[in-house]
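**Student:**
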Amino acid sequence: MVLQDKQALVTGASRGIGRAITEGFLLEGAEVWGLGTREPSDLDAWIARTGGKLHWICADLASLDSVEPIIQDQLKAADGFDILVNNAGITKDNLAFRMSLADFQKVLDVNLTAAFLIARTVARDMIRRKSGSIINISSVVGIHGNGGQINYAASKAGLIGLTKSLAQETASRGIRVNAVAPGFIDSDMTRAMPAGAKERMLDHIPLKRPGTPEEVAQAVLFFASDASGYITGQVLAVDGGMFC
Ligand code: NAD
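Under the working numbering, the letters of the sequence shown match residues 8 to 251, in that order.
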């Protein structure tokens, strides 16, 4: 139980990668505050299965004005978090010349600006506690770019800059900040892709299959635990060798 007695906040916890991270943390003994726009349909059963170690926060991270007050309230209720995972993310794909400003801005708001507001609020409290681990879920697209995803790629590249900068600002206070960059992972987000695009993607993956949310969760668990105690400001790709 590598996260025994730890308290974690995971955004976008209702499904996909965020849910796998939440499950992984609970299995390792953590108490988890999951955040999502709405409650998962099986929330009561999920909480019962964890013996009450899962809590739920309903919040829309697109409403930027409410992000800091909500997180501050939760910080008080939980008496601080040892681990933060900024996982919530959206796509609104289009070619650059066809993309509306609203779609560009919305993806930046949810994927990057909300993550900044949450990280800043939680990190302030971690400084008081002199320890903490923050993990941002970026994407290989944030490192290499992707035609048709200029907003998403910019947001994920921004998260990498945020990760490295915050790592530098908080390391002396005992806080570590790292990023995980998944490649092509089987989730609701990628299930919505056209079949042809999926096949082209698989052609570029040496391991010849999509990753699972659980495989991303293992990398997040590594950064959350003391196993990575001397690592900060890093980006770990979980991409089946897509860019090796
Ligand atoms: P998903 O669409 O299955 O889940 C996204 C989660 O974010 C959901 O729980 C959703 O409710 C939450 N969310 C979305 N908008 C929100 C908002 N406004 N407020 C609060 N919560 C909100 O996606 P996923 O595949 O599980 O992706 C999780 C993270 O991993 C995202 O940041 C995504 O960009 C990143 N990622 C995914 C892949 C992939 O192949 N699936 C690859 C690289 C990176």
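C-beta atoms are modelled at their ideal positions from N, C-alpha and C, and glycine is treated no differently.
Excluding five sequence neighbours on each side, which residues of the same chain lie with their C-beta closer than 6 Å to the C-beta of Ile54?
**Tutor:** Leu61
**Student:** Along the chain, which unbroken stretches of the alpha helix (DSSP H) at least 4 residues long are found entirely within the segment 121–155?
**Tutor:** 121–136 and 148–151
**Student:** Nearest to Ser107 by alpha carbon, out of Glu30, Gly155, Leu50 and Val187?
**Tutor:** Gly155
**Student:** What span of residues does the alpha helix (DSSP H) with Ala161 cover, start to end?
**Tutor:** Where Ala161 is concerned, the enclosing alpha helix (DSSP H) stretches over Ile157 to Thr177.
**Student:** Would you tell me roughly how many angstroms separate the C-alpha atoms of Gln112 and Leu119, rounded to the nearest one?
**Tutor:** 10 Å
**Student:** Tell me whether the segment 88–97 and the segment 11–30 touch, counting them as touching only if at least three CB pairs, one residue from each stretch, are closer than 8 Å.
**Tutor:** yes
**Student:** Determine the direct distance from the alpha carbon of Glu176 to that of Asn153, and round the result to whole angstroms.
**Tutor:** 30 Å
**Student:** Flag this pair as yes or no: are the beta carbons of Val147 and Pro189 separated by less than 9 Å?
**Tutor:** The answer is yes: Cβ separation under 9 Å.
**Student:** In three-state terms, what does DSSP make of Ala186?
**Tutor:** strand
**Student:** Leaving out five residues on either side along the sequence, give the residues of the same chain with a beta carbon under 6 Å from the beta carbon of Gly96.
**Tutor:** Only Asn118 meet the Cβ criterion.
**Student:** Quick test of the definition: if touching needs 3 or more C-beta pairs under 8 Å, does the segment 220–237 touch the segment 180–189?
**Tutor:** Taking 8 Å as the limit for Cβ pairs, the verdict is that the segment 180–189 does touch the segment 220–237.
**Student:** Taking all protein chains shown into account, do 16 or more other C-beta atoms lie within 10 angstroms of the C-beta of Lys3, making it buried, or fewer, making it exposed?
**Tutor:** Nothing can be reported for residue 3, as the shown portion of the chain is limited to 8 through 251.
**Student:** Measuring only the C-alpha atoms, how far is Arg136 from Phe88?
**Tutor:** 9 Å
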